[in-house]
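Numbering (the numbering used here), first residue to last: 392 to 703. Ideal Cβ positions, reconstructed from N, Cα and C, are used throughout, including at glycine.
The structure is reproduced here in structure tokens:
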């Protein structure tokens with residue numbers, strides 16, 4: 392972060408560096424003395440390599456609950472992404488990975504997105520819990536906190552097409568499998584030739600017999616996720632069908648659906664990057680913004696275009 396040569400800039404630079412020292416050493420008193428001085432931009436400054444993250448990321452990784460709270464009170468962005476290892480984590484990804492319920496709750500209260508996809512495998516927080524090399528009990532509280540969010544998208548799939556339910560069943564985690572189903576997760580979602588139902592019946596026999604599916608509310612549809620899946624699978628007919636449904640739906644504006652960020656890409660950026668002119672044409676025809684920058688790399692769609700002719 393450059394101070395622009397002005398005395399005020401130099402002062403802010405100093406406090407931004409002091410803020411980093413405070414979170415790295417767990418010095419709450421020092422952090423309280425410094426966090427009031429930097430601007431909002433300073434509080435959300437992404438430090439260069441080897442930190443490659445904001446102060447909130449560092450405090451979350453270190454599981455410093457009080458420091459996380461201090462930073463959130465100072466307007467730290469709970470949805471900022473770091474630049475470590477190409478995964479582009481938000482703080483909520485680290486909190487879930489660590490199984491730290493106090494930090495997770497603080498982040499959610501401050502507006503952290505429970506559906507935020509990390510940049511490498513498109514995992515959302517529930518995926519990360521299942522990937523931990525730990526036992527199920529360590530993640531129960533975090534899962535309950537995530538599922539308590541009304542806007543959680545339980546059927547979101549990662550880059551391998553696995554939903555959180557599928558992963559939970561694969562690990563034979565009974566509590567989490569049950570809770571995901573009760574939240575409305577689709578037991579017939581498939582990875583290859585196996586559905587979540589198949590895996591549940593194999594690893595957790597009789598579990599489905601104990602669940603009254605008639606009382607489970609059907610989860611809200613997330614058109615952007617459906618469009619993304621159709622795009623990744625190169626299913627143009629399905630893609631067009633979903634767009635037609637969106638046009639006749641009053642649930643959400645089409646513009647916001649088309650501009651959602653899917654971890655590393657928006658829909659238009661993905662179509663450009665993968666050289667899919669028919670999808671690009673459909674998206675532009677339906678109002679996708681060609682100037683929209685993604686939330687991860689800050690790139691516009693045109694920067695993703697390899698050697699594709701979209702002028703035809």
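In the assembly as shown, residue 606 is an exposed residue. Its beta-carbon has fewer than 16 other beta-carbons within 10 Å.
Exposed is the label assigned to residue 416, since fewer than 16 other Cβ atoms lie within 10 Å of its Cβ. Contact check between the stretch 577–588 and the stretch 641–655: fewer than three CB pairs, one atom from each, fall below 8 angstroms, which does not count as touching.
Note on geometry: alpha-carbon atoms of residue 473 and residue 685 lie some 14 angstroms from one another. In this structure residue 621 does not touch residue 595 by the C-beta definition: roughly 30 angstroms separates them, more than the 8 angstroms allowed. For the pair residue 406 and residue 425, the CB atoms are nearer than the 8 angstroms cut-off. Using a 10 angstroms sphere on the CB of residue 662, the tally of other CB atoms reaches 16 or more, which defines it as buried. For the options 464, 672 and 575, the alpha carbon positioned closest to that of residue 610 is the one of 575.
Contact between the stretch 624–635 and the stretch 503–520 is absent, with fewer than three C-beta pairs closer than 8 angstroms. DSSP places residue 622 inside the alpha helix (DSSP H), whose first and last residues are 614–623.
By the neighbour-count criterion, in which a residue is buried when 16 or more other Cβ atoms sit within 10 angstroms of its Cβ, residue 484 is buried. Boundaries for residue 481: no alpha helix (DSSP H) harbours it, and the DSSP string shows neither H nor E there.
In the structure shown, the three-state DSSP call for residue 585 is strand. Counting along the chain, residue 499 sits inside the alpha helix (DSSP H) bounded by residues 492–500.
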